[in-house]
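S.K.:
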Amino acid sequence: MEVTSEHTSWVCLSILLASLFTLVRFSLKSLRPRNYPPGPPALPFIGNVHHFATSKTFLKFAEWRAKYGKIIGLKTGPGHLVVLNSARMARDLLDKRGSIYSGRPKDYIVRNHIVFEAQHIIFLPYDSYLKQWRTAVVRHLLGPVGIEQVSPILEATAAHLMYRLAVDPGQFADNFRNWALATPLIAICGHRGAQKEPELIDQFYSNQENWLNLLTPGVAPPVEMFPVLKWVPAFLAKWKRTARDLRRNQRGFYEMMLDSAKEGRRQRKVASQSQASFRYESLMARMLRTQEESGKTEFDDCQLAYLGGGHLDAAVDTTYSTALTFVKILAARPEIMEKAQTEIESVCGLDNGPPKPQDIPKLPYLRACYSEILRWRPPTPNNLPHVLEADDTVGGYRLIKGTVVLQNTWAIERDPELYDDPDAFDPERYLENAYGVKPGVEAQCRAEGRKPNYAFGGGRRQCPGDVFAVTSVLVVAAKLVWGFEVESRGPLDLSVESGFHGGGS
Ligand code: HEM
Numbered sequence: 098m099e100v101t102s103e104h105t106s107w108v109c110l111s112i113l114l115a116s117l118f119t120l121v122r123f124s125l126k127s128l129r130p131r132n133y134p135p136g137p138p139a140l141p142f143i144g145n146v147h148h149f150a151t152s153k154t155f156l157k158f159a160e161w162r163a164k165y166g167k168i169i170g171l172k173t174g175p176g177h178l179v180v181l182n183s184a185r186m187a188r189d190l191l192d193k194r195g196s197i198y199s200g201r202p203k204d205y206i207v208r209n210h211i212v213f214e215a216q217h218i219i220f221l222p223y224d225s226y227l228k229q230w231r232t233a234v235v236r237h238l239l240g241p242v243g244i245e246q247v248s249p250i251l252e253a254t255a256a257h258l259m260y261r262l263a264v265d266p267g268q269f270a271d272n273f274r275n276w277a278l279a280t281p282l283i284a285i286c287g288h289r290g291a292q293k294e295p296e297l298i299d300q301f302y303s304n305q306e307n308w309l310n311l312l313t314p315g316v317a318p319p320v321e322m323f324p325v326l327k328w329v330p331a332f333l334a335k336w337k338r339t340a341r342d343l344r345r346n347q348r349g350f351y352e353m354m355l356d357s358a359k360e361g362r363r364q365r366k367v368a369s370q371s372q373a374s375f376r377y378e379s380l381m382a383r384m385l386r387t388q389e390e391s392g393k394t395e396f397d398d399c400q401l402a403y404l405g406g407g408h409l410d411a412a413v414d415t416t417y418s419t420a421l422t423f424v425k426i427l428a429a430r431p432e433i434m435e436k437a438q439t440e441i442e443s444v445c446g447l448d449n450g451p452p453k454p455q456d457i458p459k460l461p462y463l464r465a466c467y468s469e470i471l472r473w474r475p476p477t478p479n480n481l482p483h484v485l486e487a488d489d490t491v492g493g494y495r496l497i498k499g500t501v502v503l504q505n506t507w508a509i510e511r512d513p514e515l516y517d518d519p520d521a522f523d524p525e526r527y528l529e530n531a532y533g534v535k536p537g538v539e540a541q542c543r544a545e546g547r548k549p550n551y552a553f554g555g556g557r558r559q560c561p562g563d564v565f566a567v568t569s570v571l572v573v574a575a576k577l578v579w580g581f582e583v584e585s586r587g588p589l590d591l592s593v594e595s596g597f598h599g600g601g602s
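Here the sequence shown stands for residues 98 to 602, numbered as in this note's numbering.
1. What residue from P318, R363, N132, L128 has the CA that sits closest to P175's CA?
2. Which residue marks the beginning of the beta strand (DSSP E) containing V491, and which one marks its end?
3. For the pair the stretch 290–302 and the stretch 262–270, tell me if three or more CB-CB distances fall below 8 Å.
4. Using a Cβ-Cβ cutoff of less than 7 Å, which residues in the same chain neighbour P461 once the five nearest sequence positions on both sides are dropped?
5. May I have the straight-line CA-CA distance separating S199 from N505, to the nearest angstrom?
6. Count the other CB atoms within 10 Å of the CB of S602; is the residue buried (16 or more) or exposed (fewer)?
7. The alpha helix (DSSP H) that contains H408, what's its start and end?
8. Determine the burial state of W328: buried for a count of at least 16 other Cβ atoms within 10 Å of its Cβ, exposed for fewer.
9. By alpha-carbon positions, which one of G405, A159, G587, S418 ends up nearest to D271?
10. Residues in the same chain with beta-carbon distance under 7 Å from A340, minus the five sequence neighbours each way, listed in chain order, please.
11. Could you tell me the distance, in whole angstroms, from the CA atom of S369 to the CA atom of G554?
12. Do L409 and I285 come within 7 Å of each other at the CB atom, strictly closer than that value?
13. Do you know whose CA, among E103, H104, N132, lies nearest G493's CA?
14. Given this structure, state the Cα-to-Cα distance separating L589 from A521, to the nearest angstrom.
15. Hey, would you say the C-beta of R383 is under 6 Å away from at least one heavy atom of the ligand HEM?
16. What residues match up with L460 in a beta bridge as DSSP calls it?
17. Would you say the beta carbon of P222 is closer than 6 Å to some non-hydrogen atom of the ligand HEM?
18. Is it the case that the Cβ atoms of L496 and D489 are separated by a distance below 7 Å?
19. Give every residue of the same chain whose Cβ lies closer than 7 Å to the Cβ of E584, excluding the five residues on either side of it in the sequence, and list them in chain order.
20. Less than 7 Å between the beta carbons of V179 and T500, yes or no?
21. Flag this pair as touching only if the stretch 357–369 and the stretch 287–294 have three or more C-beta atom pairs under 8 Å; answer yes or no.
22. Please tell me whether K157 has its Cβ less than 7 Å away from any Cβ of chain C.
23. If you follow the alpha helix (DSSP H) that R345 is part of, which residue opens it and which one closes it?
24. When every heavy atom of the ligand HEM is checked, does at least one fall within less than 6 Å of the C-beta of I219?
25. Check the DSSP bridge columns for V179 and list the partner residues they point to.
26. Tell me whether V247 sits in a helix, a strand or coil according to DSSP, three-state version.
27. Over what stretch of residues does the beta strand (DSSP E) that includes R185 continue unbroken?
28. Does the beta-carbon of L481, which I'm using as the reference point, lie nearer than 6 Å to any heavy atom of the ligand HEM?
29. In the DSSP assignment, find the unbroken beta strand (DSSP E) run with R495 in it and report its ends.
30. For N182 versus K167, is the C-beta distance shorter than 7 Å?
31. Enumerate, from N- to C-terminal direction, the unbroken beta strand (DSSP E) stretches of 3 or more residues contained entirely within the stretch 194–221.
32. Looking at C-alpha atoms only, which residue of F142, T154, F158, R472 is the closest neighbour of P135?
33. For H104, which three-state DSSP category applies?
34. For a test of the three-state rule: what should DSSP assign to H598, helix, strand or coil?
35. For E594 and E395, I'd like the C-alpha separation in whole angstroms.
36. If you measure from the CB of F82, is any heavy atom of the ligand HEM nearer than 6 Å?
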């Protein structure tokens, strides 16, 4: 067949029209739809993405609350993003309509470059597998029985941290980092390396950093918005090489956890009856034993490895951030340190040895400090994203299936109608009432079903590790206050912009 210049022109014209059509369609999709919650104007193609060019988006979202209200609608290119800036909105959508607000974004980089076919718990859709693992983990580790069994481990790692702080107080941040990893690592798989193997600690935290950079909007490559980036070859796209290395390292770490659990299981089998009941049985070892005993494989090796690894990922940075804020506050506010010391001395005495996990319920002031830390500096101020799985209507606004929903914990915990001087760190507010709110609004909060704290998210994806977290952080705080004077050598940066580990920093 002869190719004439007329043919060539038609082909070129068709390509041009198709490209134009795609561009116009993409550009229209990036604009705000009708009946969408109020929000800042969106630009063609990118929507509101230019507003995310900061790692602390929650501050921007909180600022917009005054202008746009309790629910804000944003565009991420063609995607929809809705921010809930009030507790009532969070309760009405995430809690009450949990059956449709509990999905997770299908992140392209996670699915196609990091996790592949494996099931990382944080990114799982809301389905029967999610319910299955949540039930198993609550039964074996994060429910009341598991917490009681893991208590000696929480105490032992806290005691080890105190020893490290006594030996090397200058390295307090590193010592806290190691503790934040060691505690859940032993609880989840029985591996004790995080107390003595620096390479293991570095490997874990470097995985976390790469993971965060590939996921945080504004920092991650915008492949969802510009799908053409998916086809850029790896040698030109650094993110692809980072993702490949992360996948290998992360998988290796999770498999190491599984091997450790299997080894723990093997050692328990060969130990005598009395030795076996004395040894701590980790979450993964317990799950392996239950499967062996029942003869039913509920989770295969890959699922088990990612289940353990996913829990570790969820536990470490959040706990570290909380503990670090605790130390900073004790150093910055000697009167708080003094009050906590007086309370501990009156409850535990000075001659009975350091406080233990069972003393925690008797320390209301220290527990009030913990609640205030989570309110004042929530480790994940935007929560983790939930995805709406069916079209919905909220207060006359239309939200379509696939909308990503963020709970702005930062704004919720700073609601000026509820909190006196919301930016001040004031643990006493939690001694007044369980919500930490002004005296006049407590009854209203109770009637509305407000939660004492929003730092653990909401609905059916709410953090299952809250009791583990409170116990492990408070055992450390109690021992620290009992045994040390926490003082700062120089001025402390407590600002949210640069002095806050968390919130994407
Ligand atoms: C102070 C410490 C902690 C804070 C502030 C925290 C906060 C959170 C938040 C905000 C979420 C997302 C909830 C949502 O999507 O609505 C979450 C999820 C999760 N957290 Fe925590 N967390 C902490 C400690 C822990 C610990 C110690 C563990 C386990 C030992 C843990 C395990 C998990 C898991 C497995 C998820 C995923 C739940 C799901 O996707 O269904 N967390 N956490």
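Idealized CB from N, CA, C, for every residue including glycine.
M.R.: Short version:
1. Here residue 175 corresponds to residue number 78 of the sequence shown, with the count starting at 1. Among P318, R363, N132, L128, the Cα nearest to that of P175 is on L128.
2. Working through the sequence shown from its first residue, we reach residue 491 at position 394. First-last of the beta strand (DSSP E) with V491: 489–491.
3. no
4. By one-based count along the sequence shown, residue 461 stands at place 364. If we look at P461 and ignore the five residues flanking it on each side, its Cβ neighbours are L528.
5. In the sequence shown, counting from the first residue as 1, residue 199 sits at position 102. In the sequence shown, counting from the first residue as 1, residue 505 sits at position 408. Distance between the alpha carbons of S199 and N505: 16 Å.
6. Position 505 of the sequence shown, counted from the start, is the residue given in the question as residue 602. Note that S602 has pLDDT 39, beneath the 50 cutoff, so the model's placement of it is unreliable and no number is given.
7. As a working note, residue 408 is residue 311 in the sequence shown. Start and end: 398–429.
8. Counting from 1 along the sequence shown, the entry for residue 328 is found at position 231. Per the 10 Å Cβ criterion, exposed.
9. As a working note, residue 271 is residue 174 in the sequence shown. Closest option to D271, Cα to Cα, is S418.
10. Position 243 of the sequence shown, counting from 1, holds the residue named residue 340. Excluding sequence neighbours, A340 sits near I206, H210, I211, L311.
11. Taking the sequence shown and counting its residues from 1, the one referred to as residue 369 is at position 272. Taking the sequence shown and counting its residues from 1, the one referred to as residue 554 is at position 457. Approximately 43 Å, taken between the alpha carbons.
12. For the purposes of this step, residue 285 is taken as the residue at position 188 of the sequence shown. For the purposes of this step, residue 409 is taken as the residue at position 312 of the sequence shown. It is a contact, given that the beta carbons lie within the stated cut-off.
13. Start at 1 with the first residue of the sequence shown, and residue 493 comes out as number 396. The residue with the shortest Cα to Cα distance from G493 is N132.
14. Taking the sequence shown and counting its residues from 1, one reaches residue 589 at position 492. Taking the sequence shown and counting its residues from 1, one reaches residue 521 at position 424. So the alpha carbons of these two residues sit roughly 16 Å apart.
15. Start at 1 with the first residue of the sequence shown, and residue 383 comes out as number 286. For the ligand HEM, not one heavy atom lies less than 6 Å from the Cβ of R383.
16. As a first step, residue 460 is located in the sequence shown; it is residue number 363 there, counting from the start. According to DSSP, L460 bridges with nothing at all.
17. Taking the first residue of the sequence shown as position 1, residue 222 is located at position 125. Result no, Cβ not under 6 Å from the ligand HEM.
18. Taking the sequence shown and counting its residues from 1, the one referred to as residue 496 is at position 399. Taking the sequence shown and counting its residues from 1, the one referred to as residue 489 is at position 392. Yes; because the gap between Cβ atoms is below 7 Å, this pair is in contact.
19. What you label residue 584 is simply residue 487 of the sequence shown in a count that begins at 1. Within the same chain, E584 has close Cβ partners A428.
20. The sequence position of residue 179 within the sequence shown is 82, counting from 1. The sequence position of residue 500 within the sequence shown is 403, counting from 1. Yes, they are a contact pair.
21. yes
22. Among the chains in the structure shown there is no chain C, since it carries only a single protein chain.
23. One-based indexing of the sequence shown puts residue 345 at position 248. Start and end: 335–367.
24. The residue labelled residue 219 in the question sits at position 122 within the sequence shown. Yes, the beta carbon of I219 sits closer than 6 Å to at least one heavy atom of the ligand HEM.
25. Walking along the sequence shown from the start, residue 179 turns up at place 82. For V179, which the question treats as bridged, DSSP gives the partners G170, V502.
26. To locate residue 247, count along the sequence shown from 1; it is residue 150. Looking at V247 - three-state DSSP - the assignment turns out to be helix.
27. The sequence position of residue 185 within the sequence shown is 88, counting from 1. Here R185 belongs to no beta strand (DSSP E); instead the alpha helix (DSSP H) covers 184–187.
28. Taking the sequence shown and counting its residues from 1, one reaches residue 481 at position 384. It does: the Cβ of L481 is within 6 Å (strictly closer) of some heavy atom of the ligand HEM.
29. Indexing the sequence shown from 1 puts residue 495 at position 398. From DSSP, the beta strand (DSSP E) with R495 extends over 494–496.
30. Against the sequence shown, residue 182 aligns to sequence position 85. Against the sequence shown, residue 167 aligns to sequence position 70. A distance below 7 Å separates the beta carbons of N182 and K167.
31. none
32. Position 38 of the sequence shown, counted from the first residue, corresponds to residue 135. Checking every option, the nearest Cα to that of P135 belongs to F158.
33. The residue labelled residue 104 in the question sits at position 7 within the sequence shown. Three-state result, H104: helix.
34. For the purposes of this step, residue 598 is identified with residue 501 of the sequence shown, where counting begins at 1. H598 sits in coil when the DSSP states are folded into three classes, being neither helix nor strand.
35. Residue mapping note: residue 594 aligns to position 497 of the sequence shown, counting from 1. Residue mapping note: residue 395 aligns to position 298 of the sequence shown, counting from 1. Between E594 and E395, the C-alpha separation is close to 45 Å.
36. Only positions 98 to 602 of the chain appear in the structure, and residue 82 is not among them; the question remains open.
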